[in-house]
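Data first, discussion second: the structure below is written as structure tokens.
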Amino acid sequence: MKKLITVWLIATACVLSVSAQSIYDFSVKDNLGREVSLSDYRGKVLLIVNTATRCGFTPQYKDLEPLYQKYHSQGFEILDFPCNQFGQQAPGSIQEIHQFCTVNFDIHFPQFDKIDVNGENAHPLYIWLKEQAGGGDIKWNFTKFLIGRDGKVIKRYESRDQVATIEADIMMEVNPVLSNIMARRSVRKYLDKPVEHEKLETVALAGINAPSAMNRQNWAVRIIEDQKIMADVKGMCRNAPNLICVCAPADGRFDLDAGLMGENMMLAAQSLGLGTCIQTGPIRSLATDGKAKAFRDSLDIPEGYKLLYVIAIGYPDEQPDAKPRDTSKVRYIK
Ligand SMILES: Cc1cc2nc3c(=O)[nH]c(=O)nc-3n(C[C@H](O)[C@H](O)[C@H](O)COP(=O)(O)O)c2cc1C
54 MKKLITVWLI ATACVLSVSA QSIYDFSVKD NLGREVSLSD YRGKVLLIVN
104 TATRCGFTPQ YKDLEPLYQK YHSQGFEILD FPCNQFGQQA PGSIQEIHQF
154 CTVNFDIHFP QFDKIDVNGE NAHPLYIWLK EQAGGGDIKW NFTKFLIGRD
204 GKVIKRYESR DQVATIEADI MMEVNPVLSN IMARRSVRKY LDKPVEHEKL
254 ETVALAGINA PSAMNRQNWA VRIIEDQKIM ADVKGMCRNA PNLICVCAPA
304 DGRFDLDAGL MGENMMLAAQ SLGLGTCIQT GPIRSLATDG KAKAFRDSLD
354 IPEGYKLLYV IAIGYPDEQP DAKPRDTSKV RYIK
């Protein structure tokens, strides 16, 4: 009977964790035994830590509290879950543990009730966290999970990982400009819903606020809203409902300026909940294909200019994963 109940408990925990879409689907107990829904932390950047008070890593509290103080006002929270599963290094009641951490490390972030993070009594939150980060049991105290503002796991850190490394990742999430940069992806599937004119205007304004050599602004931008024209060409450019066409002097001298405005527009679009895909692939078809004649006529490209690239823009119908970036391309000369 006991075995049956255990199997049922594990199965329930697994179903709970598998069906959960985000961290906000879980609830935990605070250090007074009250149920807390993690949806209370919706929209915040979270660092979730399994802690212990008698561990060689316990002094990490000295790094965690300043981290909390530094970023808390920007929407950052540390959620502390004491766990006695590693070398029994978190003995005592949660009240004793909380007092220890307050007296010795003056912690101000929320410390929850003790939980198991591995095994048959593992808290469903931890089953989900481990699964989202690619699986594998928690190895020791002070393993950490960074959660983005969308409630998804960004990264898992092991006990030895330096807080400085983690801080760099936290900064990319809490800072709205940096997190917008990090969240942008090229989107290649769109909802069949044209973008509101006002949003396109905002995107264009962001574009023309890019720097340009001697502020010459040697660019010409055409934004296609006419759905009849779009119907002719959208198949060539990832089927977005709207298209931003960026033209620059044909001699290529101002391609850099025109490129800079493109990233401005894509980041502005991202911040407005829109997806984009910059493309040069379809330029030839757009310039020559008979189907694109109405499109070409509508552009009215200035004399001596060429169509340099297009940006497909619309409401995303996919959430692509980040493409890998090669950090070795950057060298610091000290
Ligand atoms: C100059 C340039 C031309 C591109 N042309 C195309 C294109 O023709 N079609 C396309 O689907 N993506 C195109 N892309 C998008 C890249 O494939 C994409 O930026 C890259 O794979 C990195 O992915 P990410 O934008 O999601 O970070 C282009 C990007 C740049 C900068």
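Throughout the sequence shown, residue numbering follows the working numbering, covering 54 to 387 in sequence.
Built from N, CA and C at the ideal position, the CB exists for glycine as well.
Note that the structure is predicted; figures quoted are calculated from it, not measured.
Integer-rounded CB distance, given that residue j should sit under 8 Å from residue i
i    : j    : result
N103 : I191 : 6 Å
R238 : P373 : 4 Å
K82  : D166 : 4 Å
I200 : L120 : Wrong, their Cβ atoms sit about 15 Å apart, outside the cutoff.
Q332 : Y362 : 6 Å
K229 : E278 : The amino acid at residue 229 is misidentified as Lys; the sequence shows Pro. About 28 Å; that fails the 8 Å criterion.
Y77  : I223 : So it is not a contact: roughly 19 Å between Cβ atoms.
T329 : I366 : 5 Å
Y243 : P369 : 7 Å
Residues bridged to residue i (per DSSP)
i    : result
L296 : I277 and A365
L327 : Looking at the DSSP assignment, L327 forms no beta bridge with any residue, so it has no partner.
F139 : Answer is none; F139 lacks a bridge partner.
K82  : E88
S239 : T329
K359 : A301
F165 : D83
Counted within 10 angstroms of its Cβ, other Cβ atoms place residue i as buried (16 or more) or exposed
i    : result
S70  : Summary for S70: the model assigns pLDDT 49, below 50, so the residue's position carries little reliability, and this model does not support an answer.
D245 : exposed
L258 : exposed
D353 : exposed
R384 : exposed
I101 : buried
P135 : buried
N295 : buried
I386 : exposed
Boundaries (first-last residue) of the alpha helix (DSSP H) holding residue i
i    : result
L117 : Y114 to Y124
L99  : Looking at the DSSP string, L99 is not in any alpha helix (DSSP H); the run it does join, the beta strand (DSSP E), is V98 to T104.
R337 : I336 to T341
F153 : I147 to F158
F348 : K346 to L352
L182 : P177 to Q185
I261 : H250 to I261
Element boundaries [beta strand (DSSP E), containing residue i]
i    : result
I131 : F129 to P135
I207 : V206 to Y210
I200 : K197 to I200
E220 : Looking at the DSSP string, E220 is not in any beta strand (DSSP E); the run it does join, the alpha helix (DSSP H), is V216 to V227.
E88  : E88 to S90
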